[in-house]
Amino acid sequence: MQEKNDRIKEIYYELLDFYGPQGWWPGETRLEVIVGAILTQNVSWKNVEKSIINLKKEGLLNINSLLNIEDEKLYTLIKSSGYFRQKAKRLKDFLRFINDNYGRIEEMINDRNIREKILNVKGIGKETADSILLYALDLPFFVVDTYTLRIFKRMGLIEDINLKSYEEIRIMVENSLDRNVKDLKEFHALLVEHGKKYCKKEPLCDKCPINKKCRKNI
DNA sequence: AGCCAGGACTGAG
DNA sequence: CTCAGTCATGGC
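See below:
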């Protein structure tokens, strides 16, 4: 176990050394991070950028405006992010959750059970929840995504990919990086960057600069 | 022309 | 609980 922790920290510094700091999350405000986190579900970030720009251009990137906007109008603004009907609802549901229970986004930071409560909002799964906690609220949670699972599996750090391995990895990484928010932010960003370049589903990479003995078994 | 992208929910078995 | 089906656009 301690062995895995050391290996994880090692991987983090190798990636950091190779790619350099990524400076995530790309977003100017906490709300923008939250909106981006929901919109980027199973969609490339490029698609989301357009939606964010649309919202900004219309001056709608604030909780009140987004809560009161017509569904049809929201659809057209976020259409590029795909699943626009679902995502419009998820956005509103989550903003309503904030409004009703906290009023301001900052108030969520002090809630001891914030992860649990966020996960209870429909449309917010583990990855989206942890993205919001880490990048919008600056809380020490690690974000596990498909790249992370794939990379860690090819590294030989986990056997299977399922919801249990998600929690396993999340806890391991949080411990390995001493719950340091800056490092947790950077590590996830680096894994995404590395995933896009060298650890995609297809084709299987045979010249990974980080993982010399890649298992390529997914 | 498919396949995949910074997922999550639902219903079936 | 595991898992296919569903949701949808854009880029390569």
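In terms of our numbering, the first sequence has 108 at position 108, counting the first letter as 1, and numbering is strictly consecutive.
Note that CB positions come from ideal geometry on N, CA and C, so glycine has one too.
Bear in mind the structure is a predicted one, so any value in this text is a computation, not a measurement.
Express the C-alpha separation of residue j and residue i in angstroms, rounding to a whole number.
| i | j | result |
| --- | --- | --- |
| residue 181 | residue 62 | 25 Å |
| residue 94 | residue 18 | 37 Å |
| residue 74 | residue 59 | 13 Å |
| residue 215 | residue 156 | 7 Å |
| residue 72 | residue 200 | 35 Å |
| residue 1 | residue 110 | 31 Å |
| residue 208 | residue 14 | 12 Å |
| residue 149 | residue 45 | 19 Å |
| residue 50 | residue 198 | 26 Å |
| residue 20 | residue 70 | 42 Å |
| residue 229 | residue 163 | A question about residue 229 goes unanswered here, because the residues of the chain that appear run from 1 up to 218. |
Taking the CB atoms as reference points, tell me whether residue i and residue j lie closer together than 9 Å.
| i | j | result |
| --- | --- | --- |
| residue 52 | residue 105 | no |
| residue 211 | residue 151 | yes |
| residue 153 | residue 160 | yes |
| residue 9 | residue 176 | yes |
| residue 143 | residue 188 | yes |
| residue 124 | residue 90 | yes |
| residue 172 | residue 47 | no |
| residue 223 | residue 30 | In the structure displayed, the chain extends from 1 to 218; residue 223 sits before or after that span and is not available. |
| residue 87 | residue 78 | yes |
| residue 126 | residue 167 | yes |
| residue 83 | residue 113 | no |
Apart from the five residues just before and just after residue i, which ones in its own chain have a Cβ nearer than 8 Å to its Cβ?
| i | result |
| --- | --- |
| residue 140 | 134, 174, 179, 180, 181, 184 |
| residue 102 | 108, 111 |
Quick one, which of the options has its alpha-carbon nearest residue i's?
| i | options | result |
| --- | --- | --- |
| residue 22 | 201, 190, 206, 205 | 190 |
| residue 128 | 37, 14, 2 | 37 |
| residue 186 | 11, 7, 16, 2 | 16 |
Could you tell me how far apart the beta carbons of residue i and residue j are, in whole angstroms, since I believe they sit closer than 8 Å?
| i | j | result |
| --- | --- | --- |
| residue 81 | residue 39 | 4 Å |
| residue 92 | residue 67 | 6 Å |
Leaving out five residues on either side along the sequence, give the residues of the same chain with a beta carbon under 6 Å from the beta carbon of residue i.
| i | result |
| --- | --- |
| residue 222 | It is not possible to answer for residue 222, since the shown part of the chain is limited to 1 through 218. |
| residue 117 | none |
| residue 204 | 216 |
| residue 27 | 33, 36 |
| residue 25 | 33, 135 |
| residue 12 | 187 |
Skipping 5 residues on each side, what residues in its chain have a beta carbon closer than 7 Å to that of residue i?
| i | result |
| --- | --- |
| residue 121 | 93, 94, 97 |
| residue 165 | 149, 158 |
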